[in-house]
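Below you'll find the structure, written out as C-alpha cells, and then a few comments.
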Amino acid sequence: MTWVPQSFRGVSLGTVRETFRTFRPALRGQSLGLASSFLLTLLVTGLELLRPWPIKFIFDRVLIPQTGQPGAFGLSPQGTLVAAAGATLLISVLLGTLVQRSTIVAAQVGRKATVRIRRQVFEHLHKLAFPFHHTSRTGDLLVRLMGDVNMIRDALFASWVNIVGRGTLFLGTAVIMFLLEPWLALLALYPLPLLGLELGRSSRKLSEVARKQRRREGDAASFAAESLRQIRVVKAYAAEDRATRMFSKDSRSGERAGVQAARITAHMERMTEILTGAGLAMVLFVGASWTVSGRLTAGELLVFVSYARSLYKPLRKVSNEGTRLSKATACAGRVLEVLRMSPESFGVGRPAPEFRGALALEDVHYRYADGNEALRGITVAFEPGDLVVVSGPNGSGKSTLLSVLLRLLVPTSGRVLLDDEPIDGFELESYRNRFAYVPQDTQLFGATIRENILYGRPDAAEAEIRAAARAALFDGVAARLPGGYDAVLGEDGATLSGGEARRLMLARAALRHARVLLLDEPLSGLDPEARRLVGLAIRRIAAGRTTIVVSHGPASELDPDLILRMAEGRVRSVEAVSRATDDIPEAPQTVIRLDQRRVSS
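Those letters in the sequence shown? Residues 5 to 605, by the working numbering.
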C-alpha cells in the first residue's frame, strides 16, 4: 500500500533523522511515559475495532433474526439486546478512560521534551559567537526558540504516536474486512493509490509553504521587537502609524503564506473526502445488492460499512498528521540551522589565573565578514592599573578593540597578550571572568536593582552589593526609589535616567572584582552633571584596575594615564597624562579590600 510513504513525501526524511538524532536526549528518562503512550494508543485501537460488533448482533439476532436462530451466545433476543447495549456502554467507558489517560501521558512527555529542547536551543544561542548575534534578528530567533520548538514536539513524538495508532487501526480494520468479505474489502481499498498520489503532491507543497510562513512570521516578530525596543524614537517622530503599516505589511505576507497553507490543507481534505466517499459508495452499492441476494446479512453489511467508514477515518487522521509533520519538519529545519552553527570554544585551554592586568596588542588586525577592516596593525601596551582613554571618530575601531580584548571577536592576525601570555591559550569562560564590561547602550534587566548588580557576581553578599553601589555613586538613587534595592526596573532600565543607568552598570562591574575594566562610551549622551557623576564613579571604581575607556573625545575629566587616539583602524597617537588623583573621593573600603585580597591570592 503506497499511500503511507506517498503522503509524507513533503516531509524531509533527512530532517526527520537529524531531528531524532539531535533531540533524542530530550526524551531521556521518559521511556515509561513513551511506552505507556504507545500502549494506550494500541488499546484504544483495539476497542475501536470492537465497536461495531454489538450492533451486528442486535440486527441479526434481535431486529432481523433468521428463522430458528437463537440469540447471541445462546441468549434470548431480550438478553442479546441487554448484552449488546451493555457491551456498547462498556466499550465507550473504557475508550473514554484510555483516551483521557493517553492524552495526559502524551502531554506530560511532550511538555517535558519541549522544555528540554527549548533549554538546549537557548543555551546554544548564548554560546554562539558574537558575530552571529551581531547579524541576526532577535525577533526571528525568538520565533525559532518559542514557536518552532513547540512544533518539534510533533516531529519528535506526538505525530508519530498518532500515526502508529491510526496506522494500526487502518491495518486492523483492513484485516477484519478481508476476513468478512475479501471482494468488498478490495472495493473499499480501491481509492487508496489515487489518494496516496494526491497526498504526496500536496504534502510537498505544504512543506515549502510552511517554511515560507515561518520565515515571514520571523520577519514580523523581528520588526515588532525592534519597534517596541525603539518606542521612544517611534513616538518622537510621530511614526506610530508608519510602524503599524510596516508591521501590517510583514504580517500580511505571513498571512498570505498561511492562507496558501490552508488552501493546500483544504484541498487535501476535499480530495480525501471525495475519494473515500467513492469507495464507500461502491461498498454500499455492492454490499446492499449482496444483502438482498442473501450473500450477506443486514448485520454483516452494517458492520462492513462501519469498518469501511473506520478505514477512511484513520486515513484522514494520518493525512492530517502528515500535514502537521510537514509543518513540524519545516520548523525543525529552522531550529537545526541554528544548532548546526559551531559555538564558541568553551572548556578549551588552561584556566586563566589571577592577572596583574598588563595588556599588549601586537600588530592586531581585524576584518569583518563584509570586508571592512576595523583594526589595522594595532600595536600598543598598557601597564597594570593604567586608566586609558581610547578616543576617535565613529568607525575608527574603538569598540572593535574592546571586543577583541574580551574575545568576542578573534583577530584576523596578530596577538593579544595579558601579563605577557597570549589570551587565546586561556579557557574562554575563566578568561572573561577576569574582565568587567560596561556597554555603550543601556543593558539592564527588567528585574530588581539588587538582581541587576548581582549579575556581576551572583554569589556576592549583601554588604558587597551595597559597597559596589556606593562605589558607583548609585546608593543614593536606590534609597530614593520605592523598595530600595528591591525596586523593579523597567526593561533596559527605562525607569532610570541615562546617568543613573550608567552608574548602575558601573556598580555591576565593580562587584565583579575584575582586574581589567572595559567601558564603551560611558560618558556619551549625558548632561554635564550626569557626566560629572559618572566620571567620578569611573575614577573610584578604576582604582587598582587596568581600565580602558572608549570615548569620542579625550574625556579629560577622568584624569587618564594615557590617551590613545585612533582613526581608520589605526593608532594615530599615544599621549601620557599626569593624573590628578588627590581629588578622587575614596572608594568604599569593602570593595578595595576584597579586590586586593583576590589579587594577592
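Backbone N, C-alpha and C fix where the C-beta goes; we use that ideal spot for every residue, glycine too.
Whole-angstrom C-beta distance between isoleucine 542 and proline 526, which should lie under 8 Å
By a beta-carbon distance limit of 8 Å, proline 526 contacts isoleucine 542. Their separation comes to about 6 Å.
For asparagine 166, which residues in the same chain have their Cβ closer than 6 Å to its Cβ, ignoring the five residues on either side in sequence?
Excluding residues within five positions, the ones whose Cβ falls inside 6 Å are Glu325.
Do you know whose CA, among Leu183, Ala133 and Leu199, lies nearest leucine 432's CA?
Closest by alpha carbon: Ala133.
Quick one: Cα of glutamine 447 to Cα of threonine 551, how far?
Straight-line Cα distance between these residues: approximately 20 Å.
In terms of residues, what are the limits of the alpha helix (DSSP H) holding methionine 509?
Unbroken alpha helix (DSSP H) run through methionine 509: 502 to 515.
Measuring only the C-alpha atoms, how far is glycine 50 from isoleucine 108?
So the two alpha carbons sit approximately 19 Å from each other.
Taking 7 Å as the limit between beta carbons, can you name the residues of its chain near leucine 477, skipping five residues before and five after?
Excluding residues within five positions, the ones whose Cβ falls inside 7 Å are Arg507, Leu537, Leu540 and Ala541.
Quick check: alanine 265 and alanine 334, are their CB atoms within less than 8 Å of each other?
In this structure, alanine 265 keeps its C-beta atom at 8 Å or more from the C-beta atom of alanine 334.
Sorted by chain position, which residues of the same chain lie with C-beta nearer than 6 Å to tyrosine 459's C-beta, five sequence neighbours on each side aside?
Result list for tyrosine 459: Arg512, in chain order.
Would you call the CB atoms of leucine 523 and valine 581 closer than 8 Å?
In this structure, valine 581 does not lie closer than 8 Å to leucine 523 by Cβ.
For methionine 345, does the three-state DSSP call read helix, strand or coil?
Secondary structure at methionine 345: coil, using DSSP grouped into helix, strand and coil.
Secondary structure of histidine 369, DSSP reduced to three states:
Strand.
Same chain only: Cβ atoms within 6 Å of aspartate 223, ignoring 5 sequence neighbours per side
Only Asp254 meet the Cβ criterion.
Can methionine 272 and serine 206 be called in contact, C-beta distance under 8 Å?
Yes. Within cutoff.
Helix, strand or coil for glutamate 431, going by three-state DSSP, please let me know.
The answer is coil: DSSP assigns glutamate 431 none of H, G, I, E or B.
Alpha helix (DSSP H) runs wholly inside the segment 83 to 145, at least 4 long, in chain order
The segment 83 to 145 contains these whole alpha helix (DSSP H) runs: 134 to 139.
Which value, in whole angstroms, describes the spacing of the CA atoms of methionine 150 and proline 355?
Distance between the alpha carbons of methionine 150 and proline 355 is about 35 Å.
If we count the other Cβ atoms within 10 Å of its Cβ and call it buried at 16 or more, is glutamate 221 buried or exposed?
Counting the other Cβ atoms within 10 Å of the Cβ of glutamate 221 gives 16 or more, which makes it buried.
Express the C-alpha separation of alanine 225 and leucine 146 in angstroms, rounding to a whole number.
Near 8 Å, if we compare the C-alpha coordinates of alanine 225 and leucine 146.
Considering Cα atoms alone, identify which of Ala473, Leu485, Leu510 and Phe430 is closest to glutamine 444.
When each option's Cα is compared against that of glutamine 444, the closest is Leu510.
Between Asp428, Gly143 and Ala285, which lies nearest to phenylalanine 350 when the distance is taken from Cα to Cα?
Measuring from the Cα of phenylalanine 350, the nearest candidate turns out to be Asp428.
Do the CB positions of alanine 336 and threonine 19 come within less than 8 Å of each other?
Their beta carbons are under 8 Å apart, which means alanine 336 touches threonine 19 by this criterion.
With a threshold of 8 Å, are at least 3 pairs of Cβ atoms found where one atom belongs to the segment 23 to 41 and the other to the segment 108 to 127?
The segment 23 to 41, when compared against the segment 108 to 127, does touch it at the 8 Å Cβ threshold.
Is the beta carbon of glycine 529 closer than 8 Å to that of glycine 401?
Not a contact, by the Cβ cut-off of 8 Å.
For the structure I just gave you, are there three or more beta carbon pairs, one from the segment 553 to 564 and one from the segment 373 to 387, closer than 8 Å?
Touching, no.
Would you say leucine 210 and serine 330 are within 8 Å of each other, going by their C-beta atoms?
Yes; because the gap between Cβ atoms is below 8 Å, this pair is in contact.
So methionine 570 is in the beta strand (DSSP E); what residue range does that whole segment cover?
Here the beta strand (DSSP E) through methionine 570 covers 566 to 571.
DSSP state of leucine 458, grouped into three classes?
In the structure shown, leucine 458 sits in a helix (DSSP, three-state: H, G or I).
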